[in-house]
Amino acid sequence: MNQPYNPPAFPLHNHGVQTLGTHISGMTLRDYFAAKALQGYMSRQLIDGFDEDVISEMSYKVADAMLKAREA
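Taking the numbering used here, the leading residue of the sequence shown gets 6, the next gets one more, and so forth.
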């Protein structure tokens, strides 16, 4: 299965500032989408009876679906 394009969520662009070879790309878009999905689950209390591993897996499945939808 091809992995969907997963760019940085909050990239920093160098607009003439010398960075001495450092590159700061921030968190990935996949991680950002997963965090937002997790926030949604938590805010709606949809996590009763689930453990942390299940909640995390569900959040990343939503994130992967969102990345795939961006490519359509």
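By construction, the Cβ of each residue, glycine as well, lies at the ideal position given by its N, Cα and C atoms. Since the model is a prediction, treat every value here as computed from it, not as a measurement.
Check your understanding: Is Leu43 near Ala14, with beta carbons less than 8 Å apart?
Key -> no
Practice item. Specify, as a first and last residue, the run of the alpha helix (DSSP H) that Ala40 falls within. Key: 34 to 48
Practice item. Note down the Cα distance separating Ala68 from Ala39, rounded to an integer number of angstroms. Key: 5 Å
Check your understanding: Taking C-alpha atoms, which residue in Ala74, Asp36, Glu76 lies nearest to Met63?
Key -> Asp36
Review point. Taking just the CA atoms, how far does Lys73 sit from Val59?
Key: 21 Å
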